[in-house]
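Remarks on the structure that follows.
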Amino acid sequence: MSDAGIHVIFDSAQDSQPPRKAEIDVIAVHGLNFLNSANHAQGTWTKGDKLWLRDFLPDQLPKPPRVMLFEYNSSPALGSSAIKVDDHARTLLQWLRVERRSDPQRPLVFICHSLGGIVVKSALVEAKLNTKYASILTSTRLLVFFATPHQGGNFASVGDIVAKIVGKGLRNPSNDLVDALKENSNEATRRYEQARHLFGKCPAINFYEGMSYGVAGIIVDKKSATLNLPGDLETQVAIQADHSDTCKFESASNLTCRLVMGTIVDELESALELEDDSSDNLSERNRICLANLWVTDPAHDRARSRAASRALQCHPSRLSIRKEYCRHWREREQGGLLWVTSGVEQERTALLCDIIDEVEGQSPNRIAYFFCQENDPRGDNALAILRSLVYLLIVQQTSLVSHVQAKFDVAGQNLFADRSAWVAICEIFTNMLMDINSPRVFLVVDALEHCKRGQASLLKLIIRSSSPRVRWIVSSNAGEEIGKQLQLDPLRTVLDLELDVTYEDLERRHRETIQGILSFNSEESQYCLRLLSIVLIAHKPLLLEELGVLAGLSSTESIAAAVRRCGSFLSVTDGTVNFANRFSKSYFSSPSAREVINQGPNPHGIIFRRSLAVMLETLHRNMYDLEDPAFDIDEDEKPDTNRLVSLGYSCIYWVDHLTQWLSTQDSQSVSELEDGGSVDGFLRSKYLYWLEALSFLGHLAAGKTAMEKLETLLRTGSSLHSFVCDAQRFLHRHEFLIRRWPLQLYVSALLFSPNSSVVKNLFDDNTPKGVMTKFTMDDGWVENFDGTYGNFGYAVVFSPNGAFIASVGAYDAIVRVWDAATGVCRHALAAHAKPVKEVIFSPNSKFVISSCGTRTMISEAETGNCHGMFDVESGLVALSPDSALIAFYERRSKQICLWDATTSSQRHLPAPPTRFFSPVSIQFSPDSQKIAAVDQCGKVYIWTLKDPVRIPIVASSFYPYSLAYFSPDGRHLALKIEAYHPRPDSLVLWDFQTDERRSVDLPRNGITSLVYSPDSRYIAAFNGDIIAVVNAQTVRLQYTLHACQSFKAAAFSSDSRLLAIACSDMTLMVDDIETGWTHKLRVGARLSRHQETLQILSFDQTGRYLTTEVGVIDLDLSPRVSGPIKREPYRDPVYMGPGLLSDGGWIVRGSEKIVRLPDNIGGAAKTWAVSGSTFAVSYAPTKVWVFDL
1 MSDAGIHVIF DSAQDSQPPR KAEIDVIAVH GLNFLNSANH AQGTWTKGDK
51 LWLRDFLPDQ LPKPPRVMLF EYNSSPALGS SAIKVDDHAR TLLQWLRVER
101 RSDPQRPLVF ICHSLGGIVV KSALVEAKLN TKYASILTST RLLVFFATPH
151 QGGNFASVGD IVAKIVGKGL RNPSNDLVDA LKENSNEATR RYEQARHLFG
201 KCPAINFYEG MSYGVAGIIV DKKSATLNLP GDLETQVAIQ ADHSDTCKFE
251 SASNLTCRLV MGTIVDELES ALELEDDSSD NLSERNRICL ANLWVTDPAH
301 DRARSRAASR ALQCHPSRLS IRKEYCRHWR EREQGGLLWV TSGVEQERTA
351 LLCDIIDEVE GQSPNRIAYF FCQENDPRGD NALAILRSLV YLLIVQQTSL
401 VSHVQAKFDV AGQNLFADRS AWVAICEIFT NMLMDINSPR VFLVVDALEH
451 CKRGQASLLK LIIRSSSPRV RWIVSSNAGE EIGKQLQLDP LRTVLDLELD
501 VTYEDLERRH RETIQGILSF NSEESQYCLR LLSIVLIAHK PLLLEELGVL
551 AGLSSTESIA AAVRRCGSFL SVTDGTVNFA NRFSKSYFSS PSAREVINQG
601 PNPHGIIFRR SLAVMLETLH RNMYDLEDPA FDIDEDEKPD TNRLVSLGYS
651 CIYWVDHLTQ WLSTQDSQSV SELEDGGSVD GFLRSKYLYW LEALSFLGHL
701 AAGKTAMEKL ETLLRTGSSL HSFVCDAQRF LHRHEFLIRR WPLQLYVSAL
751 LFSPNSSVVK NLFDDNTPKG VMTKFTMDDG WVENFDGTYG NFGYAVVFSP
801 NGAFIASVGA YDAIVRVWDA ATGVCRHALA AHAKPVKEVI FSPNSKFVIS
851 SCGTRTMISE AETGNCHGMF DVESGLVALS PDSALIAFYE RRSKQICLWD
901 ATTSSQRHLP APPTRFFSPV SIQFSPDSQK IAAVDQCGKV YIWTLKDPVR
951 IPIVASSFYP YSLAYFSPDG RHLALKIEAY HPRPDSLVLW DFQTDERRSV
1001 DLPRNGITSL VYSPDSRYIA AFNGDIIAVV NAQTVRLQYT LHACQSFKAA
1051 AFSSDSRLLA IACSDMTLMV DDIETGWTHK LRVGARLSRH QETLQILSFD
1101 QTGRYLTTEV GVIDLDLSPR VSGPIKREPY RDPVYMGPGL LSDGGWIVRG
1151 SEKIVRLPDN IGGAAKTWAV SGSTFAVSYA PTKVWVFDL
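Anchor point for the sequence shown: position 988 equals 988 in the UniProt record's numbering, and the numbering is continuous, going up by one each time.
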């Protein structure tokens, strides 16, 4: 599948058993092709070999489907800037029109990923405007979005992220494939506004990503990936996967796959039920007409308005009186217009919603309604209001569509758009009113003051059409223009929510209340005035607890009592304090009232000082006493927020009030910003604790803004200015870390800040006990962790005694030796002309041995001096167990050379008696006194090093051998027969002293490797997914083990009873040789992202602890019981030391997360190593971090 267009991947007419005609069309649209994949349309939805849209989804859908993929050029690297999103949208529409020609009314489901959602929304907008594609719009039943940026992405420039992933910069600003993903971009904003109306036609499911996409983090955050539609129009579901993997599933039993398919099926069944239950008999021509008439769904606007109005509830008795008044008006014979005016807008809206609820339940009356929206082109003009009323009336009585259809057949969509549209719709509306088959029609328009275009014309229509049968209910403020027009209606009824009081009456009442407050005793009076001034200038409605902090009141009861003392000015709703109505707030905003309530100190100064004082007193490290330093705000259960509820406003807005206080030129405000002043003292003692609080409050961005404002207020060169600049850099670098893991402020954020940081030096003692670092961050804030190096991988190796660390970067020719105790780089060994491929320490930890493939260098670990260097063209090198000798094959002389570490000299071993000697393996005996080599002809040679001139012993060439292994006691050689031999399944044990050879048949052809037990009793021979355990004394097969993947490494315990085996499926098997019990462990959680198995295994003397490159594992084996072979289910290992989780993000101690690494440092192959409690990680050729945990 590489051609652009629609590809059918499943059709129930051919692929189902039995075949059934498709009743649903499912079309999947892929997103941006970051990697320029050849088959991105299919790969977007595929994991492994499973395409879930084809393999899993069809069986779950309520009706037989046809599933299609739409493929288009979405690669930003292929000149796609010439192709616009609108072009792809129109192509999609045309393909759908062609594919659905036989059944254009078949229900349609869109499933989209990322950019694909933008293409689909653009297509549906085009379908609304172009009648040729109207059937596609009217047939759409469900929209499913995976990580679609409805309002742009999570970054200022997604192009930067794309560039990192694609590997080249995107410099063409006209590429709207990328621009559509940018936050606040023109394309994103335009498409968001155009497509908002679509979701009134069918429900939407938004699946949003919950995991970071590498260094880019969350590509499309929840805010951008959701629409926040009212009621059941939208379902929002978090997927624990990154941007690419949100829509890929390997099996139908996968929990995420079950969640996704279950959600889709549930919403689709509901949509189809609504379709089946629909009583209208609209033809396709009618549907096209209504689709063009439709502007917005008033039902959705009603739900949104009702939710917004709940925040302001009047007294129940007062609400009951109002509703009874409206009920009486509806039931009386006379009356055509009810004008609900004055009061608070939310109160008017709530009352109208209640009226609509009551009328809807009174059959057979009809009701149509509209909620005007300020600054919304779909809800602030008379034409949109009238079109929506007509639409709702037709929905209730479908026969009325003929009034619109007759004119639409002539004018088309111009009927609703040209300059005569108002006249045409008015005529249609008037004629419809006469044909409505109900005794009464109620027409409701809320917030009429927000109708900015055509308001006068609408008011004239209302007055002209109102009658005892056609009743209008409108609400608005007490504006003069609206009042003048509505007074012309003789049948009008006015419901004034302020009970018809005049503004003069209100001002008089307020003055009287103020005088009453001033008559209190001095302390009470000051408290009330202070409350009024604080509420007036607050940047948001205050909680009672927040107001108490700012006003200096200690308990909630005393705060509530003080609020009550303020008379009718303030009200408390759900624990939030605000002015009782807009008039009260506007009254106290007047200069005369301000003079009264601001008689004392500057209110901004009061809020600032009280905020600083309470934060100094209350904030401390770990506000919630959490034990887990890796507490995750996104994943873990939220702590009790009551600890910070009273501090919320102070933490967020203290700098804003300081700024406003300074603007008043109050002389006392200037001293707050001096070195050693209150701000200086607060930041130097509480800065990290303040950031922690902001993180738990969900307002860390406010802290960033506050520090930026604060910097502009300070004198350049002052000590406080320097601190604030350093604090800004600290927050900028660690913002994502602090927002998600607030307690890592005191671990990762401090550890990975430069030593020159003032913040780090002031708060360094907050680092948890038991976490010691042995490295320095001496590059200043310039150093970055953008993952530039992390993609290639580095080797990090501890010396056997744990004293040194050797590291080398990919494509790096320099080996660096580090002091494990101090983290200081001791030496940089630069003698290789090519990149180093391998670096190891000698068994005695004295030497560092590095190889680039053709040259091997031996250096002293302590001094860094080069102890020897030799060219090895064959790459065949062996190190003696006592670290004294290195053996390698010299191709020119066709001899094996020995390099002596004690004398730094080399010599040749006697040449074998053959002209064609070319070894394929070299091995030392355990006592370092013998060398065995297997040549390419399959012969085995043994040299005795004590007799350097003696011709080597040659094994019989009856069997061609490929590998030779010394037994630990040095008496035998285990020989592996070449795979091409007729008996490759044999293992030969050769006693080279007596020349006795015994063989044992193994269960599968060939042996890839083998390992001896320490007492030489057993041999474990590997071949693919089978391991054969051979008794070396009896030369008999003990038993075999099978695994789902191949074995990669093995080790025996010191008593030769346990055998640990590392498998390539990220598991570890521990087998009891004598009883056959097998224990299975999953180790994938600590393997690096490029590592499929463990490579290093060794038991301690007790056999309980297994040392690996990912840490020490406590095997904690169950009692060994004799009997038949048992196989335990897999379990997670218990780690005893430090390690790194497989995602490279967390350094752990045992199972406890301790330190979060900067993004994209860990995780590459061989980037970290463990020795005891010491952990080392490298992320760049010159960077190794050492931790003692």
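Cβ atoms here follow ideal geometry from the backbone N, Cα and C, with glycine treated the same way.
On the DSSP bridge assignment, give the partners of residue i in chain order.
{"i": "tyrosine 208", "result": "Ala238"}
{"i": "cysteine 353", "result": "None, per the DSSP bridge assignment."}
{"i": "leucine 973", "result": "Phe966 and Trp990"}
{"i": "isoleucine 367", "result": "Phe442"}
{"i": "histidine 113", "result": "Phe146"}
Please list, in chain order, all residues of the same chain as residue i whose beta carbon is under 8 Å from its beta carbon, the five residues on each side excluded.
{"i": "lysine 543", "result": "Correcting the residue identity first, residue 543 is leucine in this sequence and not lysine. Here the set comprises Gly575, Thr576, Val577, Val645, Ser646, Gly648 and Tyr649."}
{"i": "valine 679", "result": "Leu612, Leu658, Glu672, Leu673, Leu710 and Leu720"}
{"i": "isoleucine 1096", "result": "Ala1049, Thr1107, Thr1108 and Glu1109"}
{"i": "serine 1056", "result": "Ser1013, Pro1014, Asp1015, Arg1017, Tyr1018 and Ile1073"}
{"i": "valine 359", "result": "Arg330, Asn365, Ile367 and Phe442"}
Indicate whether residue i and residue j have their beta-carbon atoms separated by less than 8 Å.
{"i": "phenylalanine 370", "j": "leucine 389", "result": "yes"}
{"i": "serine 571", "j": "alanine 580", "result": "yes"}
{"i": "leucine 616", "j": "cysteine 651", "result": "no"}
{"i": "methionine 261", "j": "phenylalanine 110", "result": "no"}
{"i": "threonine 44", "j": "cysteine 247", "result": "yes"}
{"i": "glycine 31", "j": "serine 122", "result": "no"}
{"i": "leucine 233", "j": "proline 62", "result": "no"}
{"i": "leucine 975", "j": "alanine 1021", "result": "no"}
{"i": "leucine 142", "j": "proline 64", "result": "no"}
With a CB to CB cut of under 6 Å and the five nearest residues on each side skipped, what residues in its chain are close to residue i?
{"i": "alanine 828", "result": "Ile814 and Arg816"}
{"i": "serine 305", "result": "Thr349 and Phe371"}
{"i": "serine 244", "result": "none"}
{"i": "phenylalanine 146", "result": "His113, Phe207, Thr246 and Cys247"}
Cα separation between residue i and residue j?
{"i": "leucine 973", "j": "arginine 997", "result": "9 Å"}
{"i": "leucine 909", "j": "leucine 737", "result": "60 Å"}
{"i": "alanine 1051", "j": "phenylalanine 966", "result": "15 Å"}
{"i": "glutamine 17", "j": "glutamate 99", "result": "23 Å"}
{"i": "serine 522", "j": "leucine 529", "result": "11 Å"}
{"i": "valine 470", "j": "lysine 452", "result": "24 Å"}
{"i": "arginine 285", "j": "aspartate 354", "result": "36 Å"}
{"i": "isoleucine 288", "j": "proline 107", "result": "15 Å"}
{"i": "lysine 1080", "j": "serine 1046", "result": "15 Å"}
{"i": "isoleucine 68", "j": "histidine 40", "result": "For clarity, residue 68 is methionine in the given sequence; the question names isoleucine instead. Going by the C-alpha atoms only, they are around 14 Å apart."}
{"i": "isoleucine 805", "j": "alanine 795", "result": "10 Å"}
{"i": "methionine 432", "j": "serine 399", "result": "10 Å"}
{"i": "serine 224", "j": "threonine 148", "result": "8 Å"}
{"i": "isoleucine 1154", "j": "valine 1029", "result": "40 Å"}
{"i": "glycine 868", "j": "phenylalanine 992", "result": "33 Å"}
{"i": "glutamate 838", "j": "serine 850", "result": "6 Å"}
{"i": "residue 1250", "j": "leucine 989", "result": "Given a span of 1 to 1189 for the chain in the structure shown, any question on residue 1250 remains unanswerable."}
{"i": "glutamine 42", "j": "asparagine 33", "result": "11 Å"}
Check residue i in the structure and name its three-state DSSP category.
{"i": "serine 669", "result": "helix"}
{"i": "tyrosine 961", "result": "strand"}
{"i": "valine 549", "result": "helix"}
{"i": "alanine 216", "result": "helix"}
{"i": "tyrosine 1012", "result": "strand"}
{"i": "cysteine 866", "result": "strand"}
{"i": "phenylalanine 723", "result": "helix"}
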